[in-house]
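Asks: What follows is a single structure, and I will ask about it in a moment.
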Amino acid sequence: MGTKVPKAVGEYSAFDLDLGVVCGGCGRVAVFQGFEVDAFFKARGVRTSLPVDTRLFSCRCGSKDITTIGVPIANRPAPFSLLGKRLVPIYIMNPGVKR
3 MGTKVPKAVG EYSAFDLDLG VVCGGCGRVA VFQGFEVDAF FKARGVRTSL PVDTRLFSCR
63 CGSKDITTIG VPIANRPAPF SLLGKRLVPI YIMNPGVKR
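Here the numbering used here is used: the first residue of the sequence shown is 3, the next is one more, and so on.
Below is the structure:
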């Protein structure tokens with residue numbers, strides 16, 4: 003019996019992880035929700051399997067020396083809410099369109 007690990011970015015949440023993007027230049031760590039990165043990558047035709055393709059990331063300092071890590075969801079600052087202040091529709095249907 004081995005230890006289970008995520009095989010793709012979209013599986014991070016099942017392991018209670020967020021995706022940390024680490025800059026090798028300045029040490030900054032930007033943390034993203036795995037499912038958002040998964041959807042972003044899929045929309046652009048980028049593979050979502052691990053290891054993460056870091057070519058799409060760059061740091062504010064200008065460095066492209068990027069690696070990724072799993073960051074426990076428990077590390078999120080409190081209060082953290084997935085809900086925004088407003089509910090924003092993903093699209094609007096015109097009145098005459100059949101559903």
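Glycine residues also receive a C-beta, built at the ideal position from the N, C-alpha and C atoms. Every value quoted in this text rests on a predicted model; they were computed, and no experiment measured them.
Should the region 57-73 be called in touch with the region 18-34, which here means at least 3 C-beta pairs below 8 Å?
Replies: The region 57-73 is in contact with the region 18-34.
Asks: Please report the distance separating the alpha-carbon of residue 54 from that of residue 76.
Replies: Numbered from its first residue, the sequence shown carries residue 54 at position 52. Numbered from its first residue, the sequence shown carries residue 76 at position 74. So the two alpha carbons sit approximately 22 Å from each other.
Asks: Using CA atoms only, rank isn't needed, just tell me which of 56, 70, 35, 42 is closest to residue 78.
Replies: Here residue 78 refers to the residue found at position 76 when the sequence shown is read from its first residue. The shortest Cα separation from residue 78 among 56, 70, 35, 42 belongs to 35.
Asks: Give the DSSP-derived three-state secondary structure of residue 23 in the structure shown.
Replies: The sequence position of residue 23 within the sequence shown is 21, counting from 1. Strand, per DSSP.
Asks: On the criterion of 16 or more Cβ atoms from any shown chain inside 10 Å, does residue 31 qualify as buried, or is it exposed?
Replies: As a working mapping, residue 31 is identified with position 29 in the sequence shown. Exposed, by the Cβ-count rule.
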